[in-house]
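In my numbering, the protein residues as written are 1 to 298. Let me begin by presenting the structure, written as C-alpha cells, before commenting on it.
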Amino acid sequence: MSRFDVSKILTNLAQRGTPALVGVGALVGGGYMVQNAIYSVEAGQVAIKYNRLSGLGNTTYREGVHMLMPWFERAIRFDVKARPHTISSLTGSRDLQMVNISLRALCRPDPFKLPDIYRSLGPDYDEKVLPSIVNEVLKSVVAQYNASQLVVQRELVSRMIRQRLVQRANDFHILLDDVAITHLSFSPEYEKAVESKQVAAQQAERARFFVTKAQEEKKRTIIHAEGEKQSAAMIGNAIKSNPGFIELRRIQVAKDISQLLAKSNNRMVLSSESLLLSLVQGSPPWTGEPEEKPGKKK
Numbered sequence: 001m002s003r004f005d006v007s008k009i010l011t012n013l014a015q016r017g018t019p020a021l022v023g024v025g026a027l028v029g030g031g032y033m034v035q036n037a038i039y040s041v042e043a044g045q046v047a048i049k050y051n052r053l054s055g056l057g058n059t060t061y062r063e064g065v066h067m068l069m070p071w072f073e074r075a076i077r078f079d080v081k082a083r084p085h086t087i088s089s090l091t092g093s094r095d096l097q098m099v100n101i102s103l104r105a106l107c108r109p110d111p112f113k114l115p116d117i118y119r120s121l122g123p124d125y126d127e128k129v130l131p132s133i134v135n136e137v138l139k140s141v142v143a144q145y146n147a148s149q150l151v152v153q154r155e156l157v158s159r160m161i162r163q164r165l166v167q168r169a170n171d172f173h174i175l176l177d178d179v180a181i182t183h184l185s186f187s188p189e190y191e192k193a194v195e196s197k198q199v200a201a202q203q204a205e206r207a208r209f210f211v212t213k214a215q216e217e218k219k220r221t222i223i224h225a226e227g228e229k230q231s232a233a234m235i236g237n238a239i240k241s242n243p244g245f246i247e248l249r250r251i252q253v254a255k256d257i258s259q260l261l262a263k264s265n266n267r268m269v270l271s272s273e274s275l276l277l278s279l280v281q282g283s284p285p286w287t288g289e290p291e292e293k294p295g296k297k298k
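Laid out in C-alpha cells, this is it:
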C-alpha cells in the first residue's frame, strides 16, 4: 500500500468523524495488546519477568504459554539444559612439573535461583564464572600430587576435582552434572626423561636375567662335573672289584656300533677287532683264514 492510499484512508476517516478514528485506534491497540500479552516458554527453558515498576520478580515460569502486561513487563528466558564446557589449564604438580590438563564439565543454572543469577551475573553466567573457578580448583588439586601420581591415580584426582568444583559452583547457583579430565600431558622434557627411565629399567631387568641365567648355567656345570666325577669313581671301583666289568662294557659298545651300522645306508664289513669283539685277552685277531686243527697236515 502506497502513501497515497494511506493518506486517502485517513482522509475518509476524518470525513466520517471522530468515532471512526476511535474505533480504528481501539482495534489497533487491541491487536497490539493481544500480540504482546502472550509469550511461550519452550521445552528446556525457564522464564522470569521484569516489571518496569517493581523490578525483577522472583517467580519462575515453566514450559507453556503465559501472560504478561505489554510494555510494563517483559519475559527473560533461561536455557536450563546441561551444556558442555571444556577448559584447559597449565599448572604445576607437587614435584614442580608443568602439567597441561583439560577439563570437561556439564553445567546448568539452578532453576530456583534464576532471579539471583540474572541480578548478579546476567544471562552469560557460565562464561563469567566457570573459567575462573575451574582454574582455581585445578591448580589447588594438582599441586597436591606428583606427576606420576596424576597418571596412576587419575580417577582419584578427577573425583577430588569434581567435589571441590561442585562446592565452588554452588556459591554462584550453578549445578554441575558431570566433571571429567579429558586430556593430561606433561612437558616434552619430562616425557623424554620418563621414556629414558623406562628404557634404563628394562635394560637393568635384562641384565638381571642374564646374571641369573649365568648362575644357573654355573650350577648346572658344577652338578654335571660332580656327576661325572662320581661316575668315574664308581667305574674305577667296579673295575678294581671285578675285572670282567671292562669286558661287559666292550660288549655293550660293540652292540651299539653294530646297531648303528645296521641302520645306516652305507654297508661295510668290519672285523671283530673293529667291532671290539676280541674279548679274550691274548687271543690273536681273526685274519679270515681257517685255523689248522692239530694232527692234520696238508
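No residue lacks a Cβ here, since even glycine has one placed at the ideal position from N, Cα and C. Quick caveat: nothing in here was measured; it's all calculated off a predicted structure.
Among the options, the one whose alpha carbon lies nearest that of residue i
i	options	result
I87	L106, F78 and S93	L106
R74	L56, V65, E136 and H183	L56
L96	L175, R220, K139 and Y50	K139
R119	F172, Q45 and R220	F172
E127	I239, H85 and L114	H85
V41	N51, G64, T60 and R52	G64
H304	P115, L121 and I101	No statement about residue 304 is possible, as the shown extent of the chain runs from 1 to 298 and does not include it.
R83	R104, Q144 and A43	R104
R62	A238, N51, G244 and A43	A43
S132	V151, A169, V157 and W71	A169
K94	Q149, N265, D110 and L248	The amino acid at residue 94 is misidentified as Lys; the sequence shows Arg. For the residues Q149, N265, D110 and L248, the minimum Cα distance to R94 belongs to Q149.
P70	A47, Y190 and I38	I38
Q163	V142, V152 and V137	V137
T91	V179, N146 and D124	N146
V141	V253, K192 and L165	L165
I161	V152, V151 and A180	A180
I174	I239, Q203, D124 and M67	D124
V151	E226, Q167, I76 and F186	F186
D320	T59, R108 and N58	Outside the shown range of the chain (1 to 298) lies residue 320, about which nothing can therefore be said.
Where residue i falls: helix, strand or coil (DSSP)
i	result
E63	coil
N51	strand
P299	Limits of the chain in this structure are 1 at one end and 298 at the other, which puts residue 299 out of reach.
V80	coil
G44	coil
Q281	With a pLDDT of 47 at Q281, under the threshold of 50, the modelled position of that residue is not reliable, and the figure given next carries that caveat. Reduced to three states, the DSSP call for Q281 is coil.
Burial state of residue i (16 or more Cβ within 10 Å)
i	result
V129	buried
G288	For G288, the predicted structure reports a pLDDT of 43, less than 50, and the residue's modelled location is therefore unreliable. The matter cannot be settled from this model.
P188	exposed
K229	exposed
A233	exposed
K49	buried
R159	exposed
V199	exposed
I223	exposed
L176	buried
A47	buried
V99	buried
K298	With a pLDDT of only 40 at K298, under the threshold of 50, the placement of this residue in the model should not be trusted; the figure read from the coordinates follows. So K298 ends up on the exposed side.
L114	buried
V157	buried
I235	exposed
V134	buried
Residue i, enclosing alpha helix (DSSP H) - first and last residue
i	result
S93	First-last for S93: undefined, no H or E at that position.
L114	L114 to S120
D126	Y125 to V142
L165	R154 to N170
N- and C-terminal bounds of the beta strand (DSSP E) containing residue i
i	result
Y39	I38 to V41
V179	I174 to F186
F72	Counting along the chain, F72 falls outside any beta strand (DSSP E), and DSSP gives it neither H nor E.
Proximity test, residue i beta-carbon vs the ligand MG heavy atom, cut-off 6 Å
i	result
P84	Although the ligand MG was asked about, the structure shown includes no ligands whatsoever.
Query - 3-residue-minimum beta strand (DSSP E) runs that sit fully inside the region 201-276, ordered along the chain - result: none
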